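Asks: Got a structure for you, questions after.
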């Protein structure tokens, strides 16, 4: 019995200590609140008691998703949510008079709200506030509105550095019907909120995307959303760039093929046609633009010219191997210089024979002039130096050795500079 009494007293103490005041807002109190604050209210009038003052609207932007980006037309569809805060000084109340009610929801058509338009609208004029989302009004006159919309925006597309390009899209929200002394659209934070952002499969929204207040030259209150979108280039690197580089690398392999095989020209033509096929593939993936022109087009044009030069070089090589007349002396001198003169000096021995007293010439070494002696120490062999004659076959081999090196150097320089500038988004043609 004593134990039960102690438990009862303990529960009673806990109940007294943890007792809280419970506010109950009744339906009539809320109805009276709406009727009272909207009695005589005119939404056409600015929400200030002193109409000579300026309405300050605080703005935040949340980018939810990038739905579509058509680089050819420059049309981008994005889902954006706005956070707008201002003071409605005519609508206030004391919470204790209405059951402790501190905030209510209001239809956007029943209260003054800023009329905002999209300046870079793609199709038609878009009203940012054209949404049924309710507005929350607090007892201290603070108004919070979170309109969300899908905006179809017209952007200028620069595909110069495709597929490593970064597109900058400026979206201006403007209050056309207001003067600058009537409303100020104040950006509360220069960064765009990405808390609810859904990643796009083709574009990355960079963190340095920003919000900017209006400039002094704007004739109406406005603010600008600057979106920086970086293209995801992995697909294009694997699908276009790497195959192009490989085709360029194997282009010179035709000079390593035997002339007797007769396949040099056919291989060169096949590689040239491969570049033509890839040019068509690039046309289907790169946005069409004349100003500026994508550097990748310039690179493909270089590869086509590079392949044409190799075709002509193969033709010249075949003509060299097919010549029968003597090699001109000037050309011989050039070939000797290209293949190093020491390679053409061979040491031979003149050996007298005992039978018919004739001399036989034997190649001994490629070392400098040197005499040879027999077992008794007498000079038995006298070394002489003769120079090999240069044939058209040797001219062709020299040609096949140096021309690919020169072409590879041109290919490496152009390829390296092109993709370095593409990746770093820097210009080398302007």
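In mature numbering (1 follows the signal peptide of the UniProt record, and there is no 0), the protein residues as written are -20 to -1, 1 to 410.
Glycine included, each C-beta is placed from N, C-alpha and C at the ideal position.
Quick caveat: nothing in here was measured; it's all calculated off a predicted structure.
1) Would you tell me roughly how many angstroms separate the C-alpha atoms of residue 175 and residue 188, rounded to the nearest one?
2) Thinking C-beta only, is residue 172 closer than 8 Å to residue 201?
3) Which residues share a DSSP beta bridge with residue 83?
4) Quick one: Cα of residue 194 to Cα of residue 204, how far?
5) Residue range of the alpha helix (DSSP H) that residue 16 falls in?
6) Between the Cα of residue 209 and the Cα atoms of 47, 29 and 31, which residue gives the shortest distance?
7) Tell me the rounded alpha-carbon separation between residue 332 and residue 319.
8) Closest to residue 56 by CA distance: which of 275, 23 and 183 is it?
9) Kindly indicate which three-state DSSP category residue 312 falls into: helix, strand or coil?
10) Report yes if the CB atom of residue 148 is closer than 8 Å to the CB atom of residue 114, and no otherwise.
11) Assign residue 304 to one of three DSSP states: helix, strand, or coil.
12) Return yes when the Cβ of residue 108 is within less than 8 Å of the Cβ of residue 127, no when it is not.
13) In this structure, does DSSP put residue 96 in helix, strand or coil?
14) Which same chain residues, not among the five before or five after residue 394, have their C-beta less than 6 Å away from its C-beta?
15) Going by other Cβ atoms of all chains shown within 10 Å of its Cβ, with 16 needed for buried, is residue 381 buried or exposed?
16) I need the boundaries of the beta strand (DSSP E) containing residue 248, first residue and last residue.
17) The beta strand (DSSP E) with residue 167 in it runs from where to where?
Replies: This is what the structure gives:
1) For the purposes of this step, residue 175 is identified with residue 195 of the chain shown, where counting begins at 1. For the purposes of this step, residue 188 is identified with residue 208 of the chain shown, where counting begins at 1. Whole-angstrom Cα-Cα distance: 15 Å.
2) On the chain shown, position 221 is the one that residue 201 refers to. On the chain shown, position 192 is the one that residue 172 refers to. Not closer than 8 Å, so no.
3) As a working note, residue 83 is residue 103 in the chain shown. BP columns for residue 83 point to 118.
4) Residue 194 sits at position 214 when you count from the first residue of the chain shown. Residue 204 sits at position 224 when you count from the first residue of the chain shown. Roughly 7 Å separates the two Cα atoms.
5) The residue given as residue 16 occupies position 36 in the chain shown. Looking at the DSSP string, the run of the alpha helix (DSSP H) that includes residue 16 is 7 to 17.
6) If you number the chain shown from 1, residue 209 lands on position 229. Comparing Cα-Cα distances from residue 209 to each of 47, 29 and 31, the minimum goes to 47.
7) The residue you call residue 332 lines up with position 352 of the chain shown. The residue you call residue 319 lines up with position 339 of the chain shown. Caution applies to residue 332, whose pLDDT of 49 falls short of 50 and renders its modelled position unreliable; the model cannot decide the point.
8) Stepping through the chain shown from its first residue, residue 56 is reached at position 76. Checked all of 275, 23 and 183; the closest Cα to residue 56 is 183.
9) Counting from 1 along the chain shown, the entry for residue 312 is found at position 332. If DSSP states are grouped into helix, strand and coil, residue 312 belongs with the helices.
10) Start at 1 with the first residue of the chain shown, and residue 148 comes out as number 168. Start at 1 with the first residue of the chain shown, and residue 114 comes out as number 134. Contact flag unset, no.
11) As a position in the chain shown, residue 304 is number 324, starting the count at 1. Three-state result, residue 304: coil.
12) Residue 127 sits at position 147 when you count from the first residue of the chain shown. Residue 108 sits at position 128 when you count from the first residue of the chain shown. The answer is yes: Cβ separation under 8 Å.
13) Counted from its first residue, the chain shown places residue 96 at position 116. Looking at residue 96 - three-state DSSP - the assignment turns out to be coil, as it is neither helix nor strand.
14) As a position in the chain shown, residue 394 is number 414, starting the count at 1. 282.
15) Locating residue 381 in the chain shown gives position 401, counting from the first residue. By the 10 Å Cβ count, residue 381 comes out exposed.
16) Here residue 248 refers to the residue found at position 268 of the chain shown. Segment 244 to 265 is the alpha helix (DSSP H) holding residue 248; no beta strand (DSSP E) there.
17) In the chain shown, residue 167 corresponds to position 187, counting from 1. Start and end: 163 to 167.
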